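Data first, discussion second: the structure below is written as structure tokens.
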Amino acid sequence: LCAFGASAAETSFTDDDDITYGQAVEVLSELGVITGYEDGSFLPNGTLTRAEACAIIVRLLNMEGVEGNSTFSDTQGHWAEDYIAYCDGAGIVAGYGDGTFGPDDTLTGYAWEKMLLCALGYDGDYESMTGVNWTIGVATLAKKLDLEKGLSSVSMNNSVSRDVAAKLAYNTMLGSVVTFHSNTSTVTSGDVSVNINSGSYYTYYDGTDVDDSDGDNVLEVFWNATVTEDTDDFGRPAKNYSIAAQNVDITVAEDPIATVTARTKAAAFASLLSGYKLLNADSDTSGKNWTGTKNINNSTKYDEGDVFWVYNSIMKNGDGQSTTITIPDGKETICEALEEKTANGLAVEFYATDDDNPLVITDIVFIEYTVGEVTKKSTSSGVTTYNVKPVDGGSTKEGTVDSEDASASTAFLADDVAKGDIVTYVYNANDTLYIYPTTNLEGTLTAYTTTNNANSLTVDGTRYSIGMGVLRTASATAGYADFSEETGNDITLYLDQYGYAVYSDESGTVSTDYVLIHSVKEDDDDEGETYYKVGYINAEGTTGTVYSYTEDLSTYVWMKMVTDSSNTGCYKFKAVSGSYENVASTLYNNKLSSGQSTINDNGDVANSSTTFILRTDSGYSVYTGLSNLSTYTFDSATAVYTLLKDDYAYAVYVDVRDGDSSDDSDEPIYLLKTTESGSVYENDTLYYTYDAIVDGEKTTITATEDADLVTGLVIPSYNSDGYVTKTKAVNTNNTKYRDTYTVNANESIDYSGGTLTIYTEDDDGNKTILQSYSLPDSVEVYYAHGNSYTLDVTDGYGLVGTQTGNTATISVICKSSTNDQVTALYYITRGSID
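First residue of the sequence shown: 2, per the numbering used here; consecutive thereafter.
Put into structure tokens, the structure is as follows:
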């Protein structure tokens with residue numbers, strides 16, 4: 002795909018891409034000579050009307066604001082009445098024979114050239130621009146003044162387009178020093194009337210007399226501009242226009258003879274640049290000496306390594322430099338060499354700017370864009386700051402847009418962007434940031450090909466070429482667009498300003514496809530095939546179970562779940578990346594409450610849309626919005642797993658099974674010992690059993706093979722199948738409802754009057770109470786003793802005696818943190834009790 006003749010200049014019009022003569026349009030627009038329409042467009046292909054032509058003439062003559070009464074019957078009240086009246090009075094235009102002017106009629110290229118020439122002060126009769134053959138006189142004088150410079154294949158017999166009209170006006174403005182014949186007596190231009198009698202002087206439009214050393218009679222009619230050769234921010238050949246009287250100082254790029262934004266075949270270049278030439282390697286490029294050139298074609302053969310010179314600018318570093326077009330290995334022609342210089346998404350512009358050698362390529366400009374994410378957009382005092390960072394790593398670039406003073410801006414946007422947007426951008430040597438929005442689409446990736454520079458992705462049946470000339474990092478040598486997604490995955494695909502695929506994000510829009518894995522269990526019921534049963538909870542708080550061929554899944558990590566196209570009924574899982582981020586963090590004695598905005602120690606911010614998923618021993622609790630979240634206190638073992646979207650948390654998973662909360666379902670069990678009492682097979686998987694007291698009953702629990710178990714009053718962690726995976730000891734440091742006391746040797750216990758006491762007694766019989774508990778009639782007391790841990794339920798609370806062997810443990814469960822009424826008590830001893 003080739004974009005031919007595209008404008009290099011960056012105008013402020015919405016249809017900038019349709020403007021061929023961008024330099025002319027931008028300069029005249031900056032001067033206020035031409036304007037667009039209310040919708041922001043210029044309509045370059047629209048035809049110029051007679052009224053618009055008069056307006057341009059008056060503004061070129063710096064006569065804006067002139068007032069006049071039209072003598073034409075169809076111009077009174079017209080928006081251009083004053084402009085038309087002035088041009089009529091100055092003899093620049095004439096009406097029809099019936100007293101009308103036809104303000105909205107179109108005019109030909111020759112008619113427009115005649116208006117420009119008459120505005121310069123040329124006499125229509127003397128220059129043969131009247132009568133039947135008036136177009137011959139116009140064409141002759143236009144050729145003499147080079148009014149049609151830079152125009153090609155334009156017939157002046159046809160209605161003139163707004164784009165071509167701007168180019169003709171621009172050329173006239175730059176060539177506005179006019180030579181008159183000696184028998185011309187008076188020339189009027191704008192508010193200047195000059196008598197030319199002796200041929201001794203010429204006059205600028207401001208009335209300054211200057212000695213005419215060469216004897217010609219000349220007049221500077223339009224803008225007294227100083228024009229110098231320059232380059233623009235993109236390194237393109239340009240002109241700088243300085244007009245003191247108008248407070249104008251602008252640099253505008255030349256118009257390229259051709260632009261390509263795609264991998265362009267040699268045959269296309271042979272047609273596109275037909276008639277143009279490159280320099281020989283032996284040429285002197287320092288002064289742009291055009292001796293020794295070669296025609297650009299795809300037939301003349303050269304040797305590998307043969308070199309041709311141009312002057313070029315590469316926007317990956319922003320430095321203009323002499324460079325070469327070299328015949329590459331395996332190639333033979335200049336056009337094949339040019340093909341190797343192109344790539345999808347890389348803008349390559351060709352310029353021929355030497356007036357004496359208009360068919361020699363003087364400059365080739367390469368503009369490489371980088372794919373980035375807008376990481377900041379903030380406005381203060383009318384200045385908006387934008388930060389952009391490459392999506393695959395690299396330094397952040399910053400630019401500003403000043404709404405009050407455009408000349409102070411260091412960032413320019415093709416269209417509005419927001420924080421978090423994926424864009425392409427150029428950051429040039431002048432520290433100026435140019436930002437271009439991308440478009441995105443969501444779908445299923447069905448194909449990905451990497452063949453002979455024809456790399457492409459197919460999403461939902463539509464093929465998109467990859468922007469191989471677009472950088473994914475700020476590096477000039479690596480980081481071009483590369484996609485490694487597996488087919489069958491749902492992706493969000495980003496297309497650059499030329500329509501090429503430059504970035505993808507498998508995260509896409511957060512949905513139920515985003516899940517957090519909480520268990521993976523082997524399931525090989527199908528003989529010869531091994532599956533894994535995967536338990537998950539999604540970002541909306543719904544639990545589920547699916548099958549996968551993959552065992553190596555990171556537990557407690559947000560993942561993208563997609564259908565495994567090669568295995569019916571199975572799923573694949575891929576860690577979330579891109580603008581979404583996994584955060585596995587720890588809350589240390591912090592609270593998640595309605596009055597707190599931070600949700601973890603990284604400072605990630607929740608909002609009213611954030612889904613909080615809390616997993617307790619009794620299941621899952623789901624809350625939407627931080628204000629609806631119950632208050633929880635987390636200990637140092639509480640894990641938080643956050644799914645970030647842009648700058649806020651979309652979903653937060655918090656495992657509070659090992660912590661403590663206001664949820665009374667976090668009841669402990671008493672694990673009597675950590676040596677397994679037996680083993681069981683379930684679904685061909687080996688598990689182990691352990692003695693424990695659960696819900697007032699001596700029983701066994703089933704734990705996984707790698708369970709991390711501790712003995713005593715504990716809170717267990719269960720997987721989705723109900724198997725214990727670890728236990729955490731309960732103590733007074735991190736609970737509200739539980740208390741544990743170690744009974745040391747030679748300490749005594751006694752129960753009487755509803756109170757259980759632990760005490761020591763000296764030789765004189767004096768007792769020191771170490772701990773006491775109130776035991777109502779409803780309390781369950783469990784007494785396990787001996788190495789075999791024989792369990793008794795002591796209805797009469799016969800706990801009287803002295804601990805004489807190993808230490809014992811009394812564990813109690815109280816009704817609440819403020820009420821010491823005991824609801825259950827465990828007395829466990831390894832030794833004997835007297």
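All C-beta atoms in this analysis are idealised placements derived from N, C-alpha and C, irrespective of residue type, glycine included. Quantities reported herein were computed from a predicted structural model and do not represent experimental measurements.
Query                                                                                                                                                                    : Result
Indicate whether the contact test is met: 3 or more Cβ pairs, each with one atom in the region 326-338 and one in the region 292-311, closer than 8 Å.                   : yes
I'd like to confirm the pairing. Which residues does DSSP put opposite G713 in its beta bridges?                                                                         : L672
Give the range of the alpha helix (DSSP H) segment to which D836 is assigned.                                                                                            : One cannot answer for residue 836 here, as it falls past the ends of the chain, which runs 2 to 835.
Please state the DSSP three-state secondary structure of D307.                                                                                                           : coil
Applying the 10 Å Cβ sphere with the 16-neighbour rule, what's the burial state of Y38?                                                                                  : exposed
For T808, which residues from the same chain have a beta carbon less than 7 Å from its beta carbon, with the 5 sequence-adjacent residues on both sides left out?        : T743, V744, N745 and A746
Under the rule that 16 or more other beta-carbon atoms within 10 Å means buried, what is G236, buried or exposed?                                                        : buried
Check the C-beta distance from V563 over to Y572 and give it rounded, since I have them as a contact under 8 Å.                                                          : 7 Å
In three-state DSSP terms, what is Q24?                                                                                                                                  : helix
Spatial neighbours of A91 within its chain, please: C-beta separation below 6 Å, excluding the five flanking residues on both sides.                                     : none
First and last residue of the alpha helix (DSSP H) that includes G110?                                                                                                   : G110 to L121
Could I get the ranges of all uninterrupted beta strand (DSSP E) runs contained in the region 342-391, with 3 residues as the minimum, in chain order?                   : 348-352, 364-368, 371-381 and 384-391
Report the residue from T451, T380 and M64 whose alpha carbon sits nearest the alpha carbon of K420.                                                                     : T380
Excluding the 5 residues preceding and the 5 following L152 in the sequence, name in chain order all residues of the same chain whose CB lies nearer than 7 Å to its CB. : V165 and K168
In this structure, does DSSP put E340 in helix, strand or coil?                                                                                                          : helix
Taking just the CA atoms, how far does L175 sit from I197?                                                                                                               : Residue confidence is low: I197 scores 49 on pLDDT, short of 50, so the model does not pin down where it sits. Its coordinate-derived value is still stated next. Distance between the alpha carbons of I197 and L175: 23 Å.
How would you write the range of the alpha helix (DSSP H) that D164 sits in, first residue to last?                                                                      : R163 to L175
Given this structure, state the Cα-to-Cα distance separating Y719 from T726, to the nearest angstrom.                                                                    : 6 Å
Rounded to a whole number of angstroms, what is the C-alpha to C-alpha distance between V711 and Y724?                                                                   : 15 Å
For T780, which residues from the same chain have a beta carbon less than 7 Å from its beta carbon, with the 5 sequence-adjacent residues on both sides left out?        : Residue identity check: residue 780 is Val in the sequence provided, not Thr. Answer for V780: V823, T824, A825 and L826, listed in chain order.
Here's a check: name, in chain order, each residue in its chain whose Cβ is nearer than 8 Å to the Cβ of E255, leaving out the five neighbours to either side.           : A9, Q24, R237, P238, A239, K240, Y352 and T354
So, I297 versus K266, is the Cβ gap smaller than 8 Å?                                                                                                                    : no
What is the DSSP secondary structure of S505, counted as helix, strand or coil?                                                                                          : strand
Take L146 and list the residues in its own chain whose beta-carbon comes closer than 6 Å to its own, dropping the five residues that flank it on each side.              : G176
If you draw a straight line from the C-alpha of T50 to the C-alpha of F43, how long is it?                                                                               : 14 Å
With distances taken Cα to Cα, identify the nearest neighbour of Y171 among T229, V366, N159 and K150.                                                                   : K150
Where does D17 fall in DSSP's three states?                                                                                                                              : helix
Can you tell me where the beta strand (DSSP E) with K332 in it begins and where it stops?                                                                                : Looking at the DSSP string, K332 is not in any beta strand (DSSP E), and its letter there is neither H nor E.
Buried or exposed for G208, going by 16 or more other Cβ atoms inside 10 Å?                                                                                              : Residue placement at G208 is poorly supported in this model, since its pLDDT is 38, which falls under 50; the coordinates still yield a value, given next. Exposed, since its Cβ has fewer than 16 Cβ neighbours within 10 Å.
With a cut-off of 8 Å, do at least 3 Cβ pairs link the region 81-97 to the region 57-67?                                                                                 : yes
Name, in chain order, the residues that DSSP records as bridge partners for V155.                                                                                        : DSSP lists no partner for V155.
Report yes if the CB atom of E369 is closer than 8 Å to the CB atom of K390, and no otherwise.                                                                           : no
On a Cα-Cα basis, can you pick out the residue from T447, G98 and G470 that is closest to G462?                                                                          : T447
What does the Cβ neighbour count give for G110, buried or exposed, with the cut at 16 atoms within 10 Å?                                                                 : buried
In three-state DSSP terms, what is E31?                                                                                                                                  : helix
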